[in-house]
Amino acid sequence: AGATNLTASAADYRGMTRAGGNVAALARASSDAATLWAATTTGRLFVSKNADAGAGSVTYTRLDSLAANSPGRFISGISVDPADPNHAWITYSSYSAITPATPGHVFSVTYNQGAGTATWTNLDGLGGPAFPDFPATGVAFDSGSGDLYVSNDWGVLRLPNGSSNWEVAGTGLPMVEVAGLTIMPGARKLYAATHGRSAWQLTLP
502 AGATNLTASA ADYRGMTRAG GNVAALARAS SDAATLWAAT TTGRLFVSKN ADAGAGSVTY
562 TRLDSLAANS PGRFISGISV DPADPNHAWI TYSSYSAITP ATPGHVFSVT YNQGAGTATW
622 TNLDGLGGPA FPDFPATGVA FDSGSGDLYV SNDWGVLRLP NGSSNWEVAG TGLPMVEVAG
682 LTIMPGARKL YAATHGRSAW QLTLP
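Heads up: the sequence shown begins at 502 in the numbering used here, then just goes up one per residue.
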């Protein structure tokens, strides 16, 4: 049989835009039922301030286009600040190496409705305690402690309130993908759903 030669064709490929995509995450604000955050698989982030309006009347403001540092990657999770419906934490899947000009996996996003602006703060951090360049899969804010929990392909990390250093959240969790996080503030429990290893709970401090 004849040999087949493969030729590199990297120059023929180009990055995709953020157009289209499916809805990847939704989150309601517990302090304001009219506020709804929504995100897509192509990296678009929206907020609605009239989510309870009649059919065809709900309006959305796009937030990712208001920031130069928002990554054009799959948005995997949204956790709305229970004390401020205009503030949320956003997580991104995939790798920063894919979007080197706009790195980051965990962002704090604040929407200024009056000015029509949004402030994006990258929470990945720097150095050894930084968030690793692995896909983030979910996010949950603990209103009791102010700590932020983010799941990824290898477990769950915590960003303690007031710190810029990420740390492993608890012990005993298998090193597997965690697909989602839920916090029950009153019970002081965090629940983590894993890929193939069932669900786990962590007692929060």
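Don't be surprised by glycine CBs; every beta carbon is placed ideally from N, CA and C.
Extent of the continuous beta strand (DSSP E) run through residue i
i: Arg698; result: No beta strand (DSSP E) holds Arg698; DSSP gives it neither H nor E.
i: Gly639; result: 637 to 642
i: Thr542; result: Taken as a continuous stretch (DSSP letters only), Thr542 belongs to no beta strand (DSSP E), as it is neither H nor E.
i: Ile576; result: 576 to 581
i: Met685; result: 679 to 685
i: Ile591; result: 588 to 593
i: Tyr612; result: 607 to 613
i: Ala525; result: 524 to 530
i: Val651; result: 649 to 653
i: Ala670; result: Where Ala670 is concerned, there is no enclosing beta strand (DSSP E), given that its DSSP letter is neither H nor E.
i: Leu660; result: 656 to 660
i: Thr622; result: 618 to 623
Minimum Cβ-Cβ distance from residue i to chain C less than 7 Å
i: Gly617; result: The structure shown contains no chain C; it holds only a single protein chain.
Residue nearest to residue i in terms of C-alpha spacing, selected from the options
i: Phe547; options: Ser532, Ser531, Gly578; result: Gly578
i: Leu682; options: Ser664, Gly555, Ser580, Trp538; result: Ser580
i: Val677; options: Ala700, Ala568, Glu668; result: Ala700
i: Phe608; options: Leu564, Thr560, Gly629, Pro686; result: Leu564
i: Gly544; options: Leu674, Gly605, Glu668; result: Gly605
i: Gly629; options: Asn666, Thr603, Asp533; result: Asn666
i: Trp590; options: Val610, Thr562, Ser597; result: Val610
i: Pro661; options: Pro675, Asp625, Leu674; result: Asp625
i: Leu627; options: Ser664, Gly639, Pro706, Thr536; result: Ser664
i: Thr695; options: Gly639, Leu649, Met685, Leu705; result: Gly639
i: Asp582; options: Tyr561, Ile576, Ala598, Asp533; result: Asp533
i: Tyr675; options: Asn653, Leu705, Thr603; result: Here residue 675 is Pro; the residue named in the question, Tyr, does not match the sequence. Closest option to Pro675, Cα to Cα, is Asn653.
i: Ile576; options: Pro706, Gly687, Tyr596; result: Tyr596
Presumed contact (8 Å Cβ cut-off) between residue i and residue j, rounded CB distance
i: Thr592; j: Val669; result: About 17 Å separates the two Cβ atoms, so there is no contact after all.
i: Ser594; j: Arg574; result: 6 Å
i: Ala530; j: Pro586; result: 3 Å
i: Lys550; j: Thr541; result: Contact doesn't hold; Cβ gap of about 19 Å is too wide.
i: Thr600; j: Pro572; result: 5 Å
i: Leu703; j: Gly671; result: 5 Å
Burial state of residue i, where buried means 16 or more other Cβ atoms lie within 10 Å
i: Asp553; result: exposed
i: Ala637; result: buried
i: Asn523; result: exposed
i: Thr603; result: buried
i: Leu527; result: exposed
i: Ala539; result: buried
Distance cut-off 6 Å: residue i Cβ against heavy atoms of the ligand MN
i: Ala700; result: Within the structure as shown, the ligand MN is missing, as the structure has no ligands at all.
Is the number of C-beta pairs between the stretch 636 to 653 and the stretch 680 to 695 that are closer than 8 Å three or more?
yes
Are the stretch 611 to 620 and the stretch 654 to 662 touching, with three or more C-beta to C-beta distances below 8 Å?
no
Segment contact flag, the stretch 567 to 576 with the stretch 618 to 627, C-beta cutoff 8 Å, min 3 pairs:
yes
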